[in-house]
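Reminder that position 9 of the sequence shown reads as 9 in full-length UniProt numbering, one-by-one numbering, no gaps. Ideal placement from N, C-alpha and C gives every residue a C-beta, glycine not left out. First the structure, in the form of structure tokens, and then the observations on it.
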Amino acid sequence: MTFDYLQWSGDRKKLSIAMACDFFHPNVGGVETHIYSLSQCLIARGHRVIVITHSYGSKGQQRQGVRYMSRGLKIYYIPFLPIYQETILMTIYGTLPVIREILIREQIDIVHGHSSFSQLGSEAVLHAQGLGVPTILTDHSLFRFADFSALFLNKIFQGILGLIDAVICVSHTGKENTVLRAGFDPEQVYVIP
């Protein structure tokens, strides 16, 4: 007997979910593909999903505004350009008006940030917490512990994780790394490969 998890919906409420990350299409990579695939599976189960990411491209060729992908996946390419390695400059309050407007307009039930290295994902989670919206973070990477940059990033990560309701890691090694570097409760960290 096989179980088709995409067809099962149970008696659960249909949610409005916002995925937030600096890394998304048109770039191609593991995080980008993960967000797209997860969004498509959630849509297939009846949930409404949007993605919040930064704008891409140069003047005249810029991808900005609202775009749609298959199955009605709505993408908000907000007007912030990446500064370093496809991440925006962390401003905390600079993104607040745009993200707040999107979360309220779309009546978002859950904000799901991706990658602890994503400034946009971190800021979306912070703003969602301020609005009383539950948050999840999927951590996709392993980080060092010893050098100065790792110590600095781990302190920021500890502050952000203190506000998050649950953390998902893509491996058991990733879970151990996240728990150690952020001091997060292992009972609230789930592994979904």
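When DSSP labels each residue in this structure, what does H114 get in the three-state scheme?
The residue you call residue 114 lines up with position 114 of the sequence shown. Three-state DSSP puts H114 in a strand.
Return the first residue and the last residue of the beta strand (DSSP E) that S171 is part of.
What you label residue 171 is simply residue 171 of the sequence shown in a count that begins at 1. No beta strand (DSSP E) contains S171, which DSSP labels as neither H nor E.
Could you tell me the alpha carbon to alpha carbon distance between R48 and C41, rounded to whole angstroms?
Taking the sequence shown and counting its residues from 1, the one referred to as residue 48 is at position 48. Taking the sequence shown and counting its residues from 1, the one referred to as residue 41 is at position 41. One C-alpha to the other measures close to 11 Å.
Beta-carbon within less than 8 Å of T173's beta-carbon, same chain only, minus the 5 sequence neighbours each way: which residues are those?
Sequence index remark: in the sequence shown, residue 173 carries index 173 (1-based). Excluding positions up to five away in sequence, the list reads L142.
Considering Y190, what are the terminal residues of the beta strand (DSSP E) in which it resides?
Taking the first residue of the sequence shown as 1, we reach residue 190 at position 190. In the DSSP assignment, Y190 falls within the unbroken beta strand (DSSP E) covering 189-191.
Can you tell which of M90, V51, G65 has the C-alpha that lies nearest to the C-alpha of L73?
On the sequence shown, residue 73 is found 73 positions in, with the first residue counted as 1. Closest option to L73, Cα to Cα, is V51.
Return helix, strand or coil for I83, following the three-state DSSP convention.
Within the sequence shown, numbered from 1, the residue matching residue 83 stands at position 83. Residue state for I83 is assigned as coil, using DSSP reduced to three classes.
Counting Cβ pairs, one atom from each stretch, are 3 or more of them under 8 Å apart for the stretch 19-34 and the stretch 153-168?
Output reads no: the stretch 153-168 does not touch the stretch 19-34.
Element boundaries [alpha helix (DSSP H), containing G130]
Start at 1 with the first residue of the sequence shown, and residue 130 comes out as number 130. In the DSSP assignment, G130 falls within the alpha helix (DSSP H) that extends over 119-130.
Taking only the alpha-carbon atoms, compute the straight-line gap between E32 and R12 and give it to the nearest angstrom.
On the sequence shown, position 32 is the one that residue 32 refers to. On the sequence shown, position 12 is the one that residue 12 refers to. If you take the alpha carbons of E32 and R12, they lie about 27 Å apart.
Kindly indicate which residue of I192, S70, D109, A124 has the alpha-carbon position closest to the one of Y93.
Residue 93 sits at position 93 when you count from the first residue of the sequence shown. When only C-alpha atoms are compared, the closest one is A124.
Under three-state DSSP, which class holds G65?
The count along the sequence shown starts at 1 and reaches residue 65 at position 65. Reduced to three states, the DSSP call for G65 is strand.
For a test of the three-state rule: what should DSSP assign to K155, helix, strand or coil?
By one-based count along the sequence shown, residue 155 stands at place 155. DSSP places K155 in helix when its eight states are reduced to three.
Quick one: what's got a C-beta closer than 7 Å to K175's C-beta in the same chain, skipping five residues either side?
The sequence position of residue 175 within the sequence shown is 175, counting from 1. In the same chain as K175, and ignoring 5 residues on each side of it, the C-beta atoms closer than 7 Å to its own belong to C169, V189, V191, in chain order.
Beta-carbon separation (whole angstroms), I78 vs H54, contact threshold 8 Å:
Working through the sequence shown from its first residue, we reach residue 78 at position 78. Working through the sequence shown from its first residue, we reach residue 54 at position 54. Rounded to whole angstroms, the Cβ separation of I78 and H54 is 6 Å, and the two are in contact under 8 Å.
Please state whether DSSP places I160 in a helix, a strand or coil.
Taking the sequence shown and counting its residues from 1, one reaches residue 160 at position 160. Assignment of I160 by DSSP, reduced to helix, strand and coil, places it in the helix class.
Can you tell me where the beta strand (DSSP E) holding L137 begins and where it ends?
Here residue 137 is taken as the residue at index 137 of the sequence shown, counted from 1. Unbroken beta strand (DSSP E) run through L137: 135-139.
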